[in-house]
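S.K.:
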């Protein structure tokens with residue numbers, strides 16, 4: 123598509139003189155700016171901090187789509203998302219999902235069970251560091267019927283990144299307080315069942331409850347993210363054979379025989395942990 127320079131200028135002019143914006147106001151201006159330069163079907167903006175549940179700041183989904191892309195995602199699958207992993211690594215810039223995904227992501231159980239429900243052909247994200255361990259990811263999505271983003275549009279998005287970064291850092295400040303409130307709210311409602319020390323992260327708590335060792339935990343996390351045994355070996359600096367031995371031991375310990383069962387067990391355990399908070 124050709125860029126609509128007039129629409130771009132109109133969207134940008136709406137920011138002039140505004141010291142602050144609501145999430146919805148910022149999201150709408152961002153949507154208008156992106157619509158002036160590229161074609162997309164959806165936008166979603168998430169804030170991430172550590173392993174905490176991401177905060178949804180803006181999206182263009184209808185109610186049914188919102189359940190898949192936001193509600194279900196926040197319930198646990200976000201922990202296996204390549205965008206989430208990249209945000210935790212504090213990487214910044216414009217990235218395509220296929221650039222970030224592990225080598226077996228598109229054949230992983232997470233992809234088949236959750237991600238395929240989105241019906242997306244491609245997702246591109248602006249990764250903006252906000253300080254205090256937080257990253258905002260502004261995602262543009264295209265459905266399978268629309269197809270992937272052409273190289274020319276990806277180039278435009280990368281050129282727009284400095285402006286998007288400055289706007290995001292200015293107008294989406296104050297997120298630390300919202301994360302702290304989310305943590306405080308969870309602490310106030312926490313029941314005794316499944317209670318964990320504050321320094322134990324969600325994934326660690328899930329696997330500790332299932333009696334896995336730290337090495338087994340690291341391996342099954344990578345398996346569920348979509349890494350092959352070879353990729354896991356490289357990441358953990360162990361042999362592929364050792365990875366396979368650990369995987370067999372985990373499956374035997376958990377009484378399962380497939381990655382499908384591993385993911386189901388993981389999500390069920392994570393769900394119980396969340397309900398206990």
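Residue numbers (this note's numbering): 123 to 399. Glycine included, every Cβ here is placed at the ideal spot set by N, Cα and C. Quantities reported herein were computed from a predicted structural model and do not represent experimental measurements.
If we ignore side chains and look at the alpha-carbon of each, how far apart do residue 163 and residue 256 end up?
M.R.: 26 Å
S.K.: Could you have a look at residue 253 and say whether DSSP puts it in helix, strand or coil?
M.R.: strand
S.K.: List the whole-angstrom C-beta distance separating residue 388 from residue 379, where the pair is believed to meet the contact cut-off of C-beta under 8 Å.
M.R.: Going by Cβ atoms, the distance from residue 388 to residue 379 rounds to 15 Å, so no, they are not a contact pair.
S.K.: When the Cα atoms are used, what is the spatial distance from residue 266 to residue 228?
M.R.: 15 Å
S.K.: Since I believe residue 192 is in contact with residue 258 (beta carbons under 8 Å), could you give me their beta-carbon distance rounded to a whole number of angstroms?
M.R.: Incorrect: roughly 15 Å between the Cβ atoms, too far for contact.
S.K.: Under a CB-based cut-off of 9 Å, is residue 139 close to chain B?
M.R.: Absent here is chain B; the protein component of the structure consists of one chain.
S.K.: Look at residue 222 and residue 207 and say whether their C-beta atoms are less than 9 Å apart.
M.R.: yes
S.K.: Look at the alpha carbon of residue 155 and the alpha carbon of residue 186, and state the distance between them as a whole number of angstroms.
M.R.: 26 Å
S.K.: How about the region 267-279 and the region 239-255: do they share at least three Cβ pairs that are nearer than 8 Å?
M.R.: yes
S.K.: If residue 338 sits next to residue 302, beta carbons under 8 Å apart, how far is it from one beta carbon to the other, in whole angstroms?
M.R.: Contact flag wrong, Cβ pair sits at about 32 Å.
S.K.: Let me know if residue 212 comes out buried or exposed under the rule of 16 or more other beta-carbons within 10 Å of its beta-carbon.
M.R.: exposed
S.K.: Which first and last residues belong to the beta strand (DSSP E) in which residue 282 is found?
M.R.: Not the beta strand (DSSP E): residue 282 falls in the alpha helix (DSSP H), residues 273-293.
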